[in-house]
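Numbers given in this note's numbering equal positions in the sequence shown, counted from 1, plus 537. Glycine included, every Cβ here is placed at the ideal spot set by N, Cα and C.
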Amino acid sequence: MDKKSVEVFERGWMVFALAMLLLFTGLILHAILTHGAQIATVERRAPPAEILAKARFAQPGLVQVGPNQFELTVIAQAFSFVPNEVVVPAGAEITFFLTSRDVLHSYQVQFTTINVNLIPGEVATLRYTFREPGEHLVICGQYCGIGHHNMLGLITVVSPEEFVAQAQPVLKPTAPEPPAEPGEVAVALPDGGAIYAASCLACHQAAGQGIPGVFPPLAGHAPNLYNIAGGREYLIKSVLYGLIGPITVGGRTYNALMPAFPHLTDADIAAVVNHTLTAWGNEALLAADFAPLTSQEVTALRGLGLTPSDVHTLRQGLGLE
538 MDKKSVEVFE
548 RGWMVFALAM
558 LLLFTGLILH
568 AILTHGAQIA
578 TVERRAPPAE
588 ILAKARFAQP
598 GLVQVGPNQF
608 ELTVIAQAFS
618 FVPNEVVVPA
628 GAEITFFLTS
638 RDVLHSYQVQ
648 FTTINVNLIP
658 GEVATLRYTF
668 REPGEHLVIC
678 GQYCGIGHHN
688 MLGLITVVSP
698 EEFVAQAQPV
708 LKPTAPEPPA
718 EPGEVAVALP
728 DGGAIYAASC
738 LACHQAAGQG
748 IPGVFPPLAG
758 HAPNLYNIAG
768 GREYLIKSVL
778 YGLIGPITVG
788 GRTYNALMPA
798 FPHLTDADIA
808 AVVNHTLTAW
818 GNEALLAADF
828 APLTSQEVTA
838 LRGLGLTPSD
848 VHTLRQGLGL
858 E
């Protein structure tokens, strides 16, 4: 190969590299001009427990703060976003407040330039306006454990008129219910199966079988917890405050973090625990005097300030490995 052919060869690669540089620069500029540059800033840093105790994160979700202005607070945890699904109006300015409850996650919104790493102990914030109605899948872009692939959310953008209609539904007039007799007032609990599907299924699986060696089964095991002295309260505390530390179920050792779910209402927690106690054949294993958990029981145990390690200690105190 002579000197001239080498120069032509090198010149060709230089032209190719320059063309690629211009192409990718153009794509970046196009994304900025059409979607805007979304650079998240860190609003604050503090211990995760301190951040999650703030009023904003105690009740995550969408809040209107002004004309056509909203704030969306989201908590990432293994393996879900809270809230998991959000409906927002097109054309409104949305300020996101994002944090992680446990490990490194990310909040990546499909068809937008939103892609933020979420670090425990940090609150990331950014602003974005969804221009057109549509659906945007939300994914976690950082590998966070065995259930990472199930960590999905959804932002649904609707017209301002539809958003207002959903927020203020028109109710058909109905005949008044007859007054309840004293002592017969009952509070209907939410659908525990739906709550399980949204918050627990990724780890404990659809049939409650868990993932061997990673996440323990609830089928055949949850009634054993309920039937021992103190088990009823322990089940509530494990959902409210989480659990960390090695446990043994069915001869297998498990040592994965169970996240806390304080954002669930008292009725939600009672409903989902009742579901795990009665689904998958568990009902037949319960003590004869079983009574469904109530939201009042959850209320009485909320606000104790327990940590996942404290709950693990409680488990050991019940004589469980």
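CA-to-CA distance, Leu-855 to Leu-708, given in whole angstroms: Reliability fails at Leu-708, whose pLDDT of 45 lies under 50, so the model's placement of it is uncertain and no value is given.
Alpha carbon to alpha carbon, what distance is there between Arg-593 and Ala-488? In this structure the chain extends from 538 to 858, so residue 488 is not present and cannot be described.
Between Gly-603, Ala-595, Phe-616, Pro-604, which lies nearest to Thr-610 when the distance is taken from Cα to Cα? Ala-595
Using the DSSP secondary-structure output, state which residues sit across from Pro-626 in a beta bridge. Val-695
Inter-stretch contact (C-beta, 8 Å, three-pair minimum) for the segment 664-673 and the segment 635-644: no
Taking DSSP's pairing of strands, which residues face Phe-634 in a bridge? Thr-610, Thr-662
Would the beta-carbon of Glu-858 fall within 8 Å of that of Ile-784? yes
Relative to the C-alpha of Pro-727, which residue among Glu-672, Ala-807, Glu-608, Val-653 is closest? Ala-807
Just curious, the beta strand (DSSP E) that Val-646 is in, first and last residue? 642-646
So what does DSSP say about Ile-784, is it helix, strand or coil? strand
If we count the other Cβ atoms within 10 Å of its Cβ and call it buried at 16 or more, is Asn-652 buried or exposed? exposed
Identity of the residue in Met-688, Thr-632, Phe-700 nearest Ala-661 by Cα: Thr-632
Between the alpha carbons of Gln-853 and Leu-838, how many angstroms are there, rounded? 19 Å
Assuming Tyr-778 and Asp-847 form a contact by the criterion Cβ under 8 Å, report the distance between their Cβ atoms to the nearest whole angstrom. 7 Å
When DSSP builds the beta bridges, which residues end up paired with Tyr-791? Ile-784
In terms of residues, what are the limits of the beta strand (DSSP E) holding Arg-859? Outside the displayed span of the chain (538 to 858) sits residue 859, for which this structure offers no information.
Kindly indicate which three-state DSSP category Val-722 falls into: helix, strand or coil? For Val-722, the pLDDT reaches just 44, beneath the cut-off of 50, and the residue's location in the model is therefore unreliable, leaving the point undetermined.
On the three-state DSSP scale, how would you describe Asn-811? helix
Out of Val-786, Gly-747, Pro-626, state which residue places its alpha-carbon closest to the alpha-carbon of Ile-683. Gly-747
My guess is that Phe-700 and Pro-626 are in contact by the Cβ rule of under 8 Å, so how many angstroms apart are they, rounded? 4 Å
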